[in-house]
Amino acid sequence: MGEFLVLIGGLTAFISVMAFFIGIGRLIFISDDKKLSLKIILYSIIAFVIGFGTCAANFSLGSMH
């Protein structure tokens, strides 16, 4: 179960980084709706913290088993 949570946490962190860059790109280049871009950036930061925290909390190097 721990490996599954590490995988999900890592994927969440990776997707949130991609969403962060999409939000920055929308903010700089498109800039029609700045509120939506800022929401994307904020939510991606929150998702990164959750994903990285889940991944780090359940990650093991294998030396404990």
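Take the sequence shown: its position 38, counting from 1, is numbered 1013 in this note's numbering, and each next residue is one higher.
Heads up, the beta-carbon is just placed ideally off N, CA and C, and yes, glycines get one too.
Does residue i pass the burial test, meaning 16 or more other C-beta atoms within 10 Å, or should it be called exposed?
i, result
"Ile1015", "buried"
"Gly1000", "exposed"
"Ala1031", "exposed"
"Gly1028", "exposed"
Where residue i and residue j are concerned, what is the direct C-alpha to C-alpha distance, given to the nearest angstrom?
i, j, result
"Ile1005", "Leu1013", "13 Å"
"Leu1002", "Ala988", "21 Å"
"Lys1009", "Tyr1018", "14 Å"
Could you check what DSSP says for residue i in three-state terms: helix, strand or coil?
i, result
"Ser1006", "coil"
Report the option in the options whose CA atom is closest to the CA atom of residue i.
i, options, result
"Ala1022", "Phe996, Leu980, Val992 and Asp1008", "Val992"
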